[in-house]
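Residue numbers (this note's numbering), protein chains in the order written: chain S, 41 to 471; chain R, 634 to 775. Below is one structure, written out as structure tokens, with a few remarks after it.
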Amino acid sequence: MSVRLTDAEKAMLDGRDGKARQKAMALLVRYAEALGAERFVDTRNVAGVPGSASPFLQQYYAGQDEAGLDAIFSHFDLDSDELVEVPQALVPTFHLQGGADPRQWQTLGVKVEVFRNYQEREAFAARHDVSILKTCTPYLAGNVPAKGEHCAWMESSAVIFANSVLGARTNTEGRESTSAAMLTGKIPDWGLHRTEHRYGTHRIDVQVPIESVMDWGMLGYFVGDAVQERIPVVVGEFAKPEIVRFKHFGAAASTSGGVEMYHIVGVTPEAESLEMAFGRNSPIESFTYDRAEQRRVYDQLNANASDPNVDFVMLGCPHAALEQLRDAAALLDGQRVSANCNLWIFTSRAVESEARSNGYVKAINQAGGVVLTDTCSAFAQALPPGTKVAALDSAKQAHYLPAILGVQAWFGSTRDCIQAALTGRWSGERP
Amino acid sequence: MKVSATIVLRGRGVVGGRAEGEALVTRHTIPGWGGVNPQQGVITETRHELRGKSFKDKVLVFRGAKGSSGWSAMYHTARLAGTAPKALVFNEMTTKVALGAVVMRVPSVTELDRDPLDLIETGDWVIVDGDLGIVEIQKVDK
Chain S
41 MSVRLTDAEK
51 AMLDGRDGKA
61 RQKAMALLVR
71 YAEALGAERF
81 VDTRNVAGVP
91 GSASPFLQQY
101 YAGQDEAGLD
111 AIFSHFDLDS
121 DELVEVPQAL
131 VPTFHLQGGA
141 DPRQWQTLGV
151 KVEVFRNYQE
161 REAFAARHDV
171 SILKTCTPYL
181 AGNVPAKGEH
191 CAWMESSAVI
201 FANSVLGART
211 NTEGRESTSA
221 AMLTGKIPDW
231 GLHRTEHRYG
241 THRIDVQVPI
251 ESVMDWGMLG
261 YFVGDAVQER
271 IPVVVGEFAK
281 PEIVRFKHFG
291 AAASTSGGVE
301 MYHIVGVTPE
311 AESLEMAFGR
321 NSPIESFTYD
331 RAEQRRVYDQ
341 LNANASDPNV
351 DFVMLGCPHA
361 ALEQLRDAAA
371 LLDGQRVSAN
381 CNLWIFTSRA
391 VESEARSNGY
401 VKAINQAGGV
411 VLTDTCSAFA
421 QALPPGTKVA
431 ALDSAKQAHY
441 LPAILGVQAW
451 FGSTRDCIQA
461 ALTGRWSGER
471 P
Chain R
634 MKVSATIVLR
644 GRGVVGGRAE
654 GEALVTRHTI
664 PGWGGVNPQQ
674 GVITETRHEL
684 RGKSFKDKVL
694 VFRGAKGSSG
704 WSAMYHTARL
714 AGTAPKALVF
724 NEMTTKVALG
734 AVVMRVPSVT
744 ELDRDPLDLI
754 ETGDWVIVDG
764 DLGIVEIQKV
774 DK
């Protein structure tokens with residue numbers, strides 16, 4: 041065994057803290073060995089989907105629970121062959137997206153028995169002290185880790201935000217490792233937990249103006265494809281991005297590749313200068329992002345769309361920030377969504393509540409749009425009945441939706457998408 | 634099927650055990666959630682070179698993992714559905730592929746002394762020993 045355990049970790053592995061924590065530690069040791077990690081770090085910030093279940097998992101484990109013992113958490117989350125009693129979360133743990141909107145689940149086409157299962161799984165997590173954020177944007181809903189804080193987060197778009205924008209430290213964890221961390225407060229000390237692995241590896245020179253959220257999304261999609269899972273350093277003259285632009289850039293870069301951390305020189309906290317961003321590394325490869333590349337990305341994201349008759353517009357990937365709901369309400373501007381089209385905007389429960397207070401939800405509803413929480417079309421595999429052609433303002437959603445649900449998808453700006461919702465026709469233009 | 638040559642690669646075992654099977658090779662990174670159908674064991678990502686191909690019972694030889702943090706859960710689900718690969722041989726270590734290999738419970742090897750993507754072709758017979766960190770390639774006459 042290459043991983044060294046502290047006395048407390050050994051005791052946990054020996055079962056001193058109960059069977060579930062023993063199984064969790066055993067899984068973490070298998071995982072650390074696979075990585076080649078030498079030790080664990082302590083974490084008090086876990087974001088995952090503990091105990092959640094797709095209809096497949098529900099059916100697979102049906103009838104295997106025993107009094108007080110949870111088959112899904114035991115067998116799937118902890119990958120344990122033995123059924124164990126699940127104790128409370130040991131450290132603060134947050135539930136990411138999943139399930140269905142608690143009030144408008146029928147809009148999503150969720151069957152009543154499936155919704156009841158989602159409610160049961162949510163109650164299971166809540167009983168174990170998991171905070172029910174139900175969002176892919178925990179950083180917009182109350183979990184904002186500090187610079188240097190060791191976290192164990194799932195959700196690639198949240199991981200890249202935490203590392204790059206906040207300077208927190210997390211690898212892209214998975215379902216099983218976050219559930220194990222919830223019970224142990226441990227995660228392998230590997231990759232982005234270690235300073236030497238946080239420096240840039242590739243250089244991206246941006247030679248085209250980057251302004252809108254759409255511009256940032258396309259740049260992110262380019263960067264991810266170029267560097268795959270390495271660490272890009274972005275250099276260029278552009279206005280400093282803020283939360284929404286970071287959100288769309290990171291979500292795209294973690295979708296077309298596996299980027300978990302990036303630097304933007306002069307912008308992100310570990311990149312005050314080019315030297316600081318690269319540390320002792322020299323760039324392995326440099327890429328230039330110019331107008332031609334930008335057009336290539338635009339064409340890739342629109343590759344499977346040909347029918348201009350849009351019957352579905354989906355915004356909120358990753359979950360909309362308050363200002364995006366404000367913008368959507370403003371762009372709708374008292375007009376009505378076309379009778380041939382549906383408009384769905386996804387966000388977190390927290391932001392939905394804020395947007396309700398500001399009147400944005402009412403304005404969107406009055407225009408015929410719907411604001412939904414907890415999930416999104418790709419995640420829930422939910423579309424309005426009969427949807428053939430979607431319009432999206434997220435490169436991430438445009439990447440996933442055609443692959444998952446087989447629809448055509450147009451990609452463009454939020455304005456292009458709202459225009460499509462109002463007219464039922466796509467009129468977005470290539471940059 | 635006639636074996637024309639045997640090549641042995643040495644690396645680091647990621648998950649122990651021994652398995653053998655027909656190779657399915659890609660130089661692309663492999664997606665998890667959103668790019669794979671675990672119930673059918675098929676890659677579904679729109680522009681992936683393995684789109685529509687099944688990895689069930691194959692020795693999957695690939696660059697690494699990409700995309701969603703739902704990677705491990707998808708391949709874990711594939712194990713339950715009986716569609717998982719028999720073994721993994723890959724080049725680039727990430728948390729996604731490490732955790733995925735662990736919960737798939739299939740012999741897995743990385744950090745090989747020669748690039749498996751240069752030496753293994755789809756259809757070759759490959760034996761993976763995750764305890765010893767050895768990959769044996771039996772080139773098949775075509």
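Every residue, glycine too, gets a C-beta built ideally from N, C-alpha and C.
I'd like to know if Gln268(S) contacts chain R, where contact means its C-beta is closer than 8 Å to some C-beta of that chain. The residue you call residue 268(S) lines up with position 228 of the first sequence. Closer than 8 Å to some Cβ of chain R, the Cβ of Gln268(S) qualifies, so yes.
Between which two residues does the beta strand (DSSP E) carrying Asp245(S) extend? Walking along the first sequence from the start, residue 245(S) turns up at place 205. Counted as a single uninterrupted DSSP element, the beta strand (DSSP E) harbouring Asp245(S) occupies residues 242-246.
At least 3 beta-carbon pairs within less than 8 Å: the stretch 361-380 of chain S vs the stretch 315-328 of chain S: Verdict: no, contact absent.
Indicate whether at least one CB of chain S lies closer than 8 Å to the CB of Thr639(R). Here residue 639(R) is taken as the residue at index 6 of the second sequence, counted from 1. Thr639(R) does not count as touching chain S.
Listed in chain order, which residues of the stretch 683-709 of chain R have Cβ atoms closer than 9 Å to some Cβ of chain S? Those residues of the stretch 683-709 of chain R that come within reach of chain S (Cβ to Cβ, closer than 9 Å) are Arg684, Arg696, Gly697, Ala698, Lys699, Gly700, Ser701, Ser702, Gly703, Trp704, Ser705, Ala706, His709.
Using only the alpha-carbon positions, how far apart do Gly756(R) and Thr639(R) sit? For the purposes of this step, residue 756(R) is identified with residue 123 of the second sequence, where counting begins at 1. For the purposes of this step, residue 639(R) is identified with residue 6 of the second sequence, where counting begins at 1. Spanning the two alpha carbons is a distance of roughly 14 Å.
Alpha-carbon to alpha-carbon, Gln771(R) and Glu160(S): Along the first sequence, one-based indexing puts residue 160(S) at 120. Along the second sequence, one-based indexing puts residue 771(R) at 138. Note on geometry: alpha-carbon atoms of Glu160(S) and Gln771(R) lie some 50 Å from one another.
Specify, as a first and last residue, the run of the alpha helix (DSSP H) that Gly646(R) falls within. On the second sequence, residue 646(R) is found 13 positions in, with the first residue counted as 1. Not the alpha helix (DSSP H): Gly646(R) falls in the beta strand (DSSP E), residues 645-648.
C-alpha distance - Val730(R) paired with Ala77(S), whole-angstrom precision: What you label residue 730(R) is simply residue 97 of the second sequence in a count that begins at 1. What you label residue 77(S) is simply residue 37 of the first sequence in a count that begins at 1. One C-alpha to the other measures close to 14 Å.
Indicate whether Lys691(R) and Pro718(R) have their beta-carbon atoms separated by less than 8 Å. Locating residue 691(R) in the second sequence gives position 58, where the first residue counts as 1. Locating residue 718(R) in the second sequence gives position 85, where the first residue counts as 1. Taking 8 Å as the Cβ cut-off, Lys691(R) and Pro718(R) qualify as a contacting pair.
Below 7 Å on C-beta distance, what does Ala293(S) contact in chain R? Taking the first residue of the first sequence as 1, we reach residue 293(S) at position 253. Correct list: empty, because the minimum Cβ distance to chain R is about 11 Å.
Quick one: is Leu765(R) near chain S, going by C-beta distance under 8 Å? Position 132 of the second sequence, counted from the first residue, corresponds to residue 765(R). False, the Cβ-Cβ gap to chain S never drops below 8 Å.
With Arg651(R) as the anchor, note down where its beta strand (DSSP E) starts and where it stops. Within the second sequence, residue 651(R) is the residue found at index 18, counting from 1. That run of the beta strand (DSSP E) goes 651-659.
With burial defined as no fewer than 16 other Cβ atoms inside 10 Å of the residue's Cβ, what is the status of Val685(R): buried or exposed? Numbered from 1 along the second sequence, position 52 holds the residue referred to as residue 685(R). A small correction: the amino acid at residue 685(R) is Gly; Val does not occupy that position in the sequence shown. Exposed: under 16 other Cβ atoms inside 10 Å.
Mind listing which residues of the stretch 99-123 of chain S have their C-beta closer than 8 Å to chain R's C-betas, in chain order? Only Tyr100, Phe116, Asp119 from the stretch 99-123 of chain S bring a Cβ to less than 8 Å from some Cβ of chain R.
So, with DSSP's three-state summary, where would you put Gln375(S)? Stepping through the first sequence from its first residue, residue 375(S) is reached at position 335. Gln375(S): coil per DSSP, three-state reduction.
Could you tell me whether the stretch 148-166 of chain S touches the stretch 179-188 of chain S, where touching means 3 or more Cβ pairs closer than 8 Å? No, they do not touch.
By DSSP, does Cys457(S) sit in helix, in strand, or in coil? Translated into positions along the first sequence, residue 457(S) becomes position 417. DSSP places Cys457(S) in the helix class (H, G or I) of the three-state scheme.
Taking the alpha-carbon positions, what's the Ser92(S) to Gly138(S) distance? Stepping through the first sequence from its first residue, residue 92(S) is reached at position 52. Stepping through the first sequence from its first residue, residue 138(S) is reached at position 98. Counting only the Cα atoms, Gly138(S) lies some 8 Å from Ser92(S).
Uninterrupted alpha helix (DSSP H) stretches inside the stretch 86-164 of chain S (no shorter than 4 residues): The stretch 86-164 of chain S contains these whole alpha helix (DSSP H) runs: 95-100.
Val722(R) CB to nearest chain S CB: under 8 Å? On the second sequence, residue 722(R) is found 89 positions in, with the first residue counted as 1. Val722(R) has a beta carbon lying at 8 Å or more from every beta carbon in chain S.
Using a Cβ cut-off of 7 Å, pull out every chain S residue sitting near Arg660(R), in sequence order please. Taking the second sequence and counting its residues from 1, one reaches residue 660(R) at position 27. The CB of Arg660(R) never comes closer than 7 Å to any CB in chain S; the least such distance is about 11 Å.
Determine, using beta carbons only, whether Ala379(S) and Gln448(S) come nearer to each other than 8 Å. Within the first sequence, numbered from 1, the residue matching residue 379(S) stands at position 339. Within the first sequence, numbered from 1, the residue matching residue 448(S) stands at position 408. Against a cut-off of 8 Å, the Cβ pair of Gln448(S) and Ala379(S) comes out as no contact.
With C-beta atoms as the reference, is Asp117(S) less than 8 Å away from Glu216(S)? Taking the first sequence and counting its residues from 1, the one referred to as residue 117(S) is at position 77. Taking the first sequence and counting its residues from 1, the one referred to as residue 216(S) is at position 176. The Cβ atoms of Asp117(S) and Glu216(S) sit closer than 8 Å to each other.
For Asn349(S), does the three-state DSSP call read helix, strand or coil? What you label residue 349(S) is simply residue 309 of the first sequence in a count that begins at 1. Looking at Asn349(S) - three-state DSSP - the assignment turns out to be strand.
Look up Phe451(S) in the DSSP assignment and give the residues it is bridged to. Position 411 of the first sequence holds residue 451(S). DSSP output for Phe451(S) lists Leu432(S) as bridge partner(s).
Can a CB atom of chain R be found closer than 8 Å to the CB of Met301(S)? For this step, residue 301(S) is matched to residue 261 along the first sequence. False, the Cβ-Cβ gap to chain R never drops below 8 Å.
My assumption, with CB atoms under 8 Å, is that Met737(R) sits in contact with His709(R). Please give the rounded CB distance. Numbered from 1 along the second sequence, position 104 holds the residue referred to as residue 737(R). Numbered from 1 along the second sequence, position 76 holds the residue referred to as residue 709(R). About 7 Å separates the two Cβ atoms, so the contact holds.
For the stretch 202-228 of chain S, which residues have a CB atom closer than 9 Å to at least one CB atom of chain R, in sequence order? Those would be Asn211, Thr212, Glu213, Gly214, Arg215, Glu216, Ser217, Thr218, Pro228, in chain order.
Using 8 Å as the limit for Cβ to Cβ distance, is Gly297(S) near chain R? One-based indexing of the first sequence puts residue 297(S) at position 257. It does; some Cβ of chain R falls within 8 Å.
Runs of alpha helix (DSSP H) lying entirely within the stretch 204-255 of chain S, each at least 4 residues, in chain order: Entirely contained in the stretch 204-255 of chain S, the alpha helix (DSSP H) runs reaching 4 residues are, in chain order, 215-224.
Please say whether Val184(S) and Thr133(S) have beta carbons closer to each other than 8 Å? Here residue 133(S) refers to the residue found at position 93 of the first sequence. Here residue 184(S) refers to the residue found at position 144 of the first sequence. Not a contact, by the Cβ cut-off of 8 Å.
What number of angstroms, rounded off, separates the C-alpha of Leu97(S) from the C-alpha of Val253(S)? Indexing the first sequence from 1 puts residue 97(S) at position 57. Indexing the first sequence from 1 puts residue 253(S) at position 213. C-alpha separation (whole angstroms): 37 Å.
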